[in-house]
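Residue numbers (the numbering used here), protein chains in the order written: chain A, 1 to 78; chain B, 1 to 202. Glycine included, each C-beta is placed from N, C-alpha and C at the ideal position. Being a predicted model, the structure only gives us computed values, none of them experimental.
Structure, rendered in structure tokens:
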């Protein structure tokens, strides 16, 4: 198989799927091939990683005491 | 009579109830947080509904270890049913409308913090907890839910497709658009809420 290049727009639109590893092996390789020579898309990739960890580290909403009390009572009364 | 359910061994109704109560109590904070991320309002209702359904089908739970994931799935199922019933947010967002948007490029081009060496990181840091929630709540539910479930709650795409009862292809497409929408809304929100100005003034 000969290596086929993809444009930046294709690479960028597939970055998150690339990070999620849900692309087909061929598409995974095409994105990887593109990233090997495209500096701008590497910037996009780094930012995609940052944004992913930003989302993952978003602190959970704390449950207010009154809500917690009500829900616990609800469970007890089931 | 003793009934063995995987690792959970229950020999009476009272013990079954106690086992359920322990699971529910332990999971209340994470269930509430998940519900708040999924819905704009009615998080408490969603949790109640989930607890009721979970209690009724507690016998189907195969192992105590699977409890936390199992009960969260029940909550997501309830959310999906609610969406269907209300028939809200079914409008699909056109791909062409948002596909060209790149938050990375927008930040670089607009250069909101001219003296920063870590422009993109600074942009993300400007967002507090409530800001992130505000951005999420601006998105239609069908795009918000997969994004929340995948990137904040850590579910696999296949699991999301199953819980939301949508084909995998649709789930992936919504996830893609959800990310794009989230990025665009982050930018719009940052401008509107003055997150960029505060930094500029310093």
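Exercise for review: Apply the 10 Å Cβ neighbour rule to residue 101 of chain B and answer buried if 16 or more other Cβ atoms are within range, or exposed otherwise.
Suggested key: exposed
Point to revise | Buried or exposed by the 16-neighbour rule on C-beta atoms within 10 Å, applied to residue 146 of chain B | key: buried
Practice item. Tell me whether the beta-carbon of residue 181 of chain B lies closer than 8 Å to the beta-carbon of residue 107 of chain B. Key: no
Point to revise | For residue 166 of chain B, the three-state DSSP class (helix, strand or coil) | key: The answer is coil: DSSP assigns residue 166 of chain B none of H, G, I, E or B.
Review point. Can you list the residues of chain B that residue 50 of chain A reaches, using a CB-CB cut of under 7 Å?
Key: 120, 121, 124
Point to revise | residue 112 of chain B burial status per 10 Å Cβ neighbour count (16 or more: buried) | key: buried
Review point. Does the distance from the C-beta atom of residue 39 of chain A to that of residue 8 of chain A stay below 8 Å?
Key: no
Practice item. Note down, in chain order, each residue of its chain lying with its Cβ closer than 8 Å to the Cβ of residue 28 of chain A, except the 5 sequence neighbours on either side. Key: 18, 21
Check your understanding: Taking the C-alpha atoms as reference points, what is the distance between residue 71 of chain A and residue 63 of chain A?
Key -> 10 Å
Check your understanding: Checking contacts by CB at 8 Å: is residue 200 of chain B closer than that to chain A?
Key -> For residue 200 of chain B, the predicted structure reports a pLDDT of 47, less than 50, and the residue's modelled location is therefore unreliable. A value from the coordinates is still provided. No - not a single Cβ of chain A is within 8 Å of the one on residue 200 of chain B.
Practice item. Report all residues from its chain with a CB closer than 7 Å to the CB of residue 172 of chain B; omit the five preceding and five following residues, and keep chain order. Key: Its chain contains 157 as the residues whose beta carbon lies nearer than 7 Å to that of residue 172 of chain B, once the 5 sequence neighbours on both sides are disregarded; these appear in chain order.
Point to revise | Close Cβ partners of residue 195 of chain B (< 6 Å) along its chain, the five nearest in sequence each way excluded | key: Excluding residues within five positions, the ones whose Cβ falls inside 6 Å are 126.
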